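Numbering (our numbering), first residue to last: 259 to 325. The C-beta atom is built at its ideal place from N, Cα and C for all residues, glycine as well. Since we're looking at a predicted model, the values are computed, not measured. Working notes, structure below.
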């Protein structure tokens, strides 16, 4: 999913839904790191993508909290 599509999807979600997405993304990042450590990960670029998505979700949560 491209960055703009991801942001459009996330902006319409509520804070509770964003929190769930954040937890899911952190779990995915943990699993990717574990796969990388055991040499089972083929697409290492996915780690960077998930890290950036976590930051985007946290930014949206902060924006919603400040409104």
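Reduced DSSP category for residue i - H, G, I as helix; E, B as strand; rest coil
i, result
"residue 262", "helix"
"residue 270", "coil"
"residue 332", "Nothing about residue 332 can be reported from this structure: the residues present for the chain run from 259 to 325 only."
"residue 325", "coil"
"residue 320", "helix"
8 Å Cβ cutoff met for residue i and residue j
i, j, result
"residue 315", "residue 287", "no"
"residue 273", "residue 322", "yes"
Chain B within 8 Å of residue i, Cβ atoms only
i, result
"residue 262", "The structure shown has no chain B; it contains just one protein chain."
Contact set for residue i: own chain, Cβ-Cβ below 7 Å, skip 5 residues either direction
i, result
"residue 265", "314"
"residue 283", "308, 311, 312 and 315"
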